[in-house]
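Chemist: Sending over a structure as C-alpha cells; questions will come in a sec.
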Amino acid sequence: MHTSVHWDVIIIGAGPIGLAAAWNYAREHRDHKVLVLEQHALFTQLAGTSGEERHWRLQYSELEIFRLTLEADKLWRQLEQQADRKLIHRIGSLWFGDADVWTNEGQIRQTMLSMDEMRLPYERLTMREIERRYGFTGLDSNYEGFLQQDGGVIDVKGTLASLYSLASEAGVEFQFQQCVKAVEPDARGATVLTTQNRYRARKVLVASGPGSKKLLRQLDIELALSTYEMACISMLRSQRLGANDPFWFAFQPPVESDSNLFYGFPPNPWSVNGFDRLGTDFEVDPITEANAPGYRANPQHVERALEFARRHMPFLEPDKQHSAASCLAVLPTDPARQFYLDSAKGRCHGGEHLVVSAGGWAFKFTPLMGQICADLLAEREPRWDISALRF
1 MHTSVHWDVI IIGAGPIGLA AAWNYAREHR DHKVLVLEQH ALFTQLAGTS GEERHWRLQY
61 SELEIFRLTL EADKLWRQLE QQADRKLIHR IGSLWFGDAD VWTNEGQIRQ TMLSMDEMRL
121 PYERLTMREI ERRYGFTGLD SNYEGFLQQD GGVIDVKGTL ASLYSLASEA GVEFQFQQCV
181 KAVEPDARGA TVLTTQNRYR ARKVLVASGP GSKKLLRQLD IELALSTYEM ACISMLRSQR
241 LGANDPFWFA FQPPVESDSN LFYGFPPNPW SVNGFDRLGT DFEVDPITEA NAPGYRANPQ
301 HVERALEFAR RHMPFLEPDK QHSAASCLAV LPTDPARQFY LDSAKGRCHG GEHLVVSAGG
361 WAFKFTPLMG QICADLLAER EPRWDISALR F
C-alpha cells in the first residue's frame, strides 16, 4: 500500500538507539514529522533488547571509547532526570581473570592503564581478595582484577519505556509489527518498503539490530558484523542473600569449544525475584540464513554456565532451580572495532540521506548514540569525536 504522508525522518528499529535518536531529534525539531518502524513489539524478546539488565561500565581498554562512556554518563543522568526514573544502578563493575587475555570486552591490564590515564578511580584486587570478598572459589590463583565502583546495571525495560514515553510526548509516531524489507535512498531522500506499506522520508536511520546488515547489503554496504545467540541462565542463591554484590565479568583464555567468557548479574535492585543471572559471552556458531536463531539457549552453553557456577560460585544453587533464555548479540568481526555509527554518504547512491547505527555492546551508549544519530540526521557535525565509530 502506498502512503501519501512524507516524513522528515524515519527510524528503522525501536531498540534503545532508535528510541533515543527519535526523542533527541523530535525534541529539537518540533515541526518535523518523525516515524519509528519496528518489526516486533516494543519489549520484544526476539532481538538484542531481551532480558532485564545490561552491564554499565565507564572503563574501556580503548581511550577513544573510554572518553565516550564518560560523556554517556552525563547524558544518562540527564535522561534519568527527564524520565524521573532511576535507570542505572551503580552497584559496581568487577572484572577478574587472566589480565593479559584480550576479549570483546577489552583486556584487564590495558583497561587498568586506561583508567590510570583517565584518572578514573578503581580498586585493584588479587584473586584471593576477590574470593574472600565476593564468595567465588576455585579460580586460578594467578588471576587478578579490579572493582570500579561507578559501574553496575542498566534497567533495560525501564530505559525503553522511558525513551518511548519521552519520544511520544515529543510527537514521534510509532508503527509496530512493520517488517522493513528494503531502504531505497536517492537524490531527494529515501523510500522505505515494508511487507505492508511504502513510506517516503527526507532522512532514514537504520538501527534495527540483527536486521541492519541485510538491509545495508542490498545497497552494497558491507559491514563486518556477526550475530550470535548467547545464553543467559537465572538461578537462586543459597548464601550471600543480603550481599550487595557487583556485576562481574570473568576473563579467561579460550577453550576449544568456545571463548570461555562468563559474566553475571546479582539479583537486580528493581526486581523482587531474587535470581542471579549468569551469561555466556561465546562468539561461536554465528547466525546465518542456514543457521537461523532458535530464540532458545544452546543446551551446551547452558551446561557450560552451570558448570562454572558449580565450580566457582558455591553461593548459587544451579542444580536446584534454573531457567535459561537467549539474547541476540550483533558484534563486529574486527576485534579492533566496537561499533558502526556514521552517515552512509559516499557509500551508496543517496547515501547522504541515510544514517547507520549497528553492532557492538551499545546499550550503555544509548543516550549518547541517540544524540549522535540525531545530529547526523540533522546534517550536523556530531558534538563528540566519533572517528572510532565511522565506517
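Each residue of the sequence shown is one higher than the one before, starting from 1 at the first, in full-length UniProt numbering.
Don't be surprised by glycine CBs; every beta carbon is placed ideally from N, CA and C.
1) Just to confirm before moving on: does the CB-CB distance between V192 and I12 stay below 9 Å?
2) Using C-beta distances below 7 Å, list every residue in its chain close to L46, excluding the 5 sequence neighbours before and after it, in chain order.
3) Can you give me the C-alpha to C-alpha distance between F282 and H32, rounded to a whole angstrom?
4) Alpha carbon to alpha carbon, how far is E184 from Q148? Give it in angstroms, no decimals.
5) Mind checking Q321: buried by the 16 CB within 10 Å criterion, or exposed?
6) Quick check: the segment 92–111 against the segment 249–266, are there 3 or more CB pairs under 8 Å?
7) Straight-line CA distance for S61 to P121?
8) What whole-angstrom Cβ distance do Y199 and I10 have, given they're in contact under 8 Å?
9) Would you decide whether S212 is buried or exposed? Buried here means 16 or more other CB atoms lie within 10 Å of its CB.
10) Relative to the alpha-carbon of L160, which residue among P210, H353, P16 and R90 has its alpha-carbon at the smallest distance?
11) Of all the options A388, L389, P318 and R383, which has the alpha carbon lying nearest to the alpha carbon of E71?
12) For Y340, which residues does DSSP report across the bridge?
13) Determine the direct distance from the alpha carbon of G158 to that of F365, and round the result to whole angstroms.
14) According to DSSP, which residues form a beta bridge with R200?
15) How is C327 classed by DSSP in three states: helix, strand or coil?
16) Could you check the C-alpha separation between N291 and E307 for me, to the nearest Å?
17) Compute the minimum distance between the beta carbon of D375 and the heavy atoms of the ligand FMN, and state whether it is under 8 Å.
18) Applying the 10 Å Cβ sphere with the 16-neighbour rule, what's the burial state of D319?
19) Figure out for me which residue from R77, T227, R109 and F339 has the closest Cα to the Cα of S326.
20) Determine the closest residue to E38 out of T195, G351 and Y340, with distance taken between C-alpha atoms.
21) Does the structure place the segment 328–336 close enough to the segment 223–241 that three or more beta carbon pairs sit under 8 Å?
22) Give the C-beta separation of L354 and A190 to the nearest angstrom, bearing in mind that I take them to be a contact with Cβ-Cβ under 8 Å.
23) Taking N244 and I91 to be in contact with their CB atoms under 8 Å, please state how far apart those CB atoms are, rounded to whole angstroms.
24) On the criterion of 16 or more Cβ atoms from any shown chain inside 10 Å, does V255 qualify as buried, or is it exposed?
25) According to the neighbour-count rule (16 or more other Cβ atoms, all chains shown, within 10 Å of its Cβ), is G138 buried or exposed?
26) DSSP three-state call for S61: helix, strand or coil?
27) Between the C-alpha atoms of R132 and Q239, what's the straight-line distance to the nearest angstrom?
28) Helix, strand or coil for G48? Go by DSSP, reduced to three states.
29) Using the C-alpha atoms, what's the distance from F176 back to V34?
30) Alpha carbon to alpha carbon, what distance is there between R30 and Q300?
31) Are the CB atoms of L389 and F315 nearer to each other than 9 Å?
32) What is the residue span of the beta strand (DSSP E) that G209 lies within?
Modeler: On the basis of the supplied data:
1) In the sequence shown, residue 192 corresponds to position 192, counting from 1. In the sequence shown, residue 12 corresponds to position 12, counting from 1. Contact: yes.
2) The residue given as residue 46 occupies position 46 in the sequence shown. Same-chain partners within the cutoff: H40 and Y295.
3) Start at 1 with the first residue of the sequence shown, and residue 282 comes out as number 282. Start at 1 with the first residue of the sequence shown, and residue 32 comes out as number 32. As the crow flies, the alpha-carbon of F282 is around 43 Å from that of H32.
4) The sequence position of residue 148 within the sequence shown is 148, counting from 1. The sequence position of residue 184 within the sequence shown is 184, counting from 1. Looking at the two C-alpha atoms, the distance is approximately 45 Å.
5) If you number the sequence shown from 1, residue 321 lands on position 321. By the neighbour-count rule (16 or more Cβ atoms within 10 Å), Q321 is not buried but exposed.
6) Proximity of the segment 92–111 to the segment 249–266 meets the contact definition, three or more beta-carbon pairs being nearer than 8 Å.
7) Numbered from 1 along the sequence shown, position 61 holds the residue referred to as residue 61. Numbered from 1 along the sequence shown, position 121 holds the residue referred to as residue 121. Rounded to the nearest angstrom, the two C-alpha atoms are 15 Å apart.
8) The residue given as residue 199 occupies position 199 in the sequence shown. The residue given as residue 10 occupies position 10 in the sequence shown. With a beta-carbon spacing of about 6 Å, Y199 and I10 fall inside the 8 Å limit used to define contacts.
9) For the purposes of this step, residue 212 is taken as residue 212 along the sequence shown, with counting starting at 1. Around the Cβ of S212, a 10 Å sphere holds 16 or more other Cβ atoms; the residue is buried.
10) The residue labelled residue 160 in the question sits at position 160 within the sequence shown. Between L160 and the set P210, H353, P16 and R90, the nearest pair of CA atoms involves P16.
11) Position 71 of the sequence shown, counting from 1, holds the residue named residue 71. It is R383 whose Cα lies nearest to the Cα of E71.
12) Looking up residue 340 in the sequence shown gives position 340. According to DSSP, Y340 shares a beta bridge with A358.
13) Taking the sequence shown and counting its residues from 1, the one referred to as residue 365 is at position 365. Taking the sequence shown and counting its residues from 1, the one referred to as residue 158 is at position 158. Whole-angstrom Cα-Cα distance: 15 Å.
14) By one-based count along the sequence shown, residue 200 stands at place 200. BP columns for R200 point to H6 and T191.
15) Within the sequence shown, residue 327 is the residue found at index 327, counting from 1. If DSSP states are grouped into helix, strand and coil, C327 belongs with the strands.
16) The count along the sequence shown starts at 1 and reaches residue 291 at position 291. The count along the sequence shown starts at 1 and reaches residue 307 at position 307. Rounded to the nearest angstrom, the two C-alpha atoms are 26 Å apart.
17) The model on display carries no ligand, and the ligand FMN is accordingly not part of it.
18) Locating residue 319 in the sequence shown gives position 319, counting from the first residue. Its Cβ having fewer than 16 others within 10 Å, D319 is exposed.
19) Locating residue 326 in the sequence shown gives position 326, where the first residue counts as 1. For the residues R77, T227, R109 and F339, the minimum Cα distance to S326 belongs to T227.
20) The residue you call residue 38 lines up with position 38 of the sequence shown. That would be T195, whose Cα lies nearest to the Cα of E38.
21) The segment 223–241 vs the segment 328–336: in contact.
22) Position 354 of the sequence shown holds residue 354. Position 190 of the sequence shown holds residue 190. Contact between L354 and A190 holds, with the beta-carbon distance rounding to 6 Å and staying under 8 Å.
23) Stepping through the sequence shown from its first residue, residue 244 is reached at position 244. Stepping through the sequence shown from its first residue, residue 91 is reached at position 91. By a beta-carbon distance limit of 8 Å, N244 contacts I91. Their separation comes to about 7 Å.
24) Here residue 255 refers to the residue found at position 255 when the sequence shown is read from its first residue. Residue environment analysis places V255 among the exposed positions, since fewer than 16 neighbouring C-beta atoms fall within 10 angstroms of its C-beta.
25) Walking along the sequence shown from the start, residue 138 turns up at place 138. When all chains shown are included, G138 counts as exposed.
26) Along the sequence shown, one-based indexing puts residue 61 at 61. Reduced to three states, the DSSP call for S61 is coil.
27) Within the sequence shown, residue 132 is the residue found at index 132, counting from 1. Within the sequence shown, residue 239 is the residue found at index 239, counting from 1. If I take the Cα positions, the gap works out to 14 Å.
28) Walking along the sequence shown from the start, residue 48 turns up at place 48. In the structure shown, G48 sits in coil (DSSP, three-state: anything other than H, G, I, E or B).
29) Reading the sequence shown from its first residue, position 34 is the one you call residue 34. Reading the sequence shown from its first residue, position 176 is the one you call residue 176. Straight-line spacing of the CA atoms in V34 and F176 works out to 14 Å.
30) Within the sequence shown, the letter at position 300 stands for residue 300. Within the sequence shown, the letter at position 30 stands for residue 30. Cα-Cα distance, rounded: 51 Å.
31) Residue numbering aside, residue 389 sits at position 389 when the sequence shown is read from its first letter. Residue numbering aside, residue 315 sits at position 315 when the sequence shown is read from its first letter. No, they are not a contact pair.
32) For this step, residue 209 is matched to residue 209 along the sequence shown. If you look at G209, you'll find it isn't in any beta strand (DSSP E); DSSP assigns it neither H nor E.
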